[in-house]
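Take a look at the structure below.
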Amino acid sequence: SSGINAEYGGLMGDYAISAVTSVSPKYQLAAAISIVLWMSAVISAFIDNIPFTAAMIPVLSLISSETDLPMAPLIYALAFGACMGGNGTLIGASANVVAVGIAEEKGYKISFLEFARLGVPIMLITVTVAHLYLLICHCAIGWGNI
Numbered sequence: 111s112s113g114i115n116a117e118y119g120g121l122m123g124d125y126a127i128s129a130v131t132s133v134s135p136k137y138q139l140a141a142a143i144s145i146v147l148w149m150s151a152v153i154s155a156f157i158d159n160i161p162f163t164a165a166m167i168p169v170l171s172l173i174s175s176e177t178d179l180p181m182a183p184l185i186y187a188l189a190f191g192a193c194m195g196g197n198g199t200l201i202g203a204s205a206n207v208v209a210v211g212i213a214e215e216k217g218y219k220i221s222f223l224e225f226a227r228l229g230v231p232i233m234l235i236t237v238t239v240a241h242l243y244l245l246i247c248h249c250a251i252g253w254g255n256i
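For the sequence shown, the positions run 111 to 256 when the working numbering is used.
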């Protein structure tokens with residue numbers, strides 16, 4: 111990875127660690143899940159999911175090692191956030207670009223804003239559901255906290 115990616119990842123890791131450690135240890139896992147999920151969703155709405163996800167793995171490893179939080183819930187939060195965040199905008203996922211291109215070939219023009227008018231609410235709803243699911247599974251029940 112380039113120095114820019116390492117610096118950007120380092121800044122995101124520093125921010126996340128600072129935010130997570132600012133709350134009571136009892137709530138640090140919930141905070142980490144929330145930060146990773148929503149940060150991933152918002153960023154993935156505007157950049158390609160795959161390189162972003164790959165760049166975030168070392169950040170999650172840093173968060174986990176610096177806070178002694180389990181890695182599995184952070185990985186799930188990243189996966190859900192990156193996947194569902196891509197639904198927010200036309201450029202958020204390759205499938206969106208392909209679908210809009212096919213629609214345009216068939217005579218249906220879909221602008222960035224038209225797509226976002228539908229995509230952003232769908233993204234917010236699905237990420238909220240994933241957020242609740244992750245908090246229940248990993249904070250209340252404790253699945254995968256190894």
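Virtual Cβ for every residue (Gly too), placed ideally from N, Cα, C.
Asked                                                                                                : Found
Local Cβ density within 10 Å of residue 250, reported as buried at 16 or more and exposed below that : exposed
The segment 160–174 in contact with the segment 214–224 per 3-pair CB rule at 8 Å                    : no
Boundaries (first-last residue) of the alpha helix (DSSP H) holding residue 253                      : Looking at the DSSP string, residue 253 is not in any alpha helix (DSSP H), and its letter there is neither H nor E.
Alpha-carbon spacing of residue 221 relative to residue 252, whole angstroms                         : 43 Å
Three-state secondary structure assigned by DSSP to residue 161                                      : helix
Entirely enclosed beta strand (DSSP E) segments - the segment 187–238, minimum 3 residues            : none
Residue from 183, 178, 133 whose Cα sits closest to the Cα of residue 248                            : 183
Local conformation of residue 134 per DSSP, three classes                                            : coil
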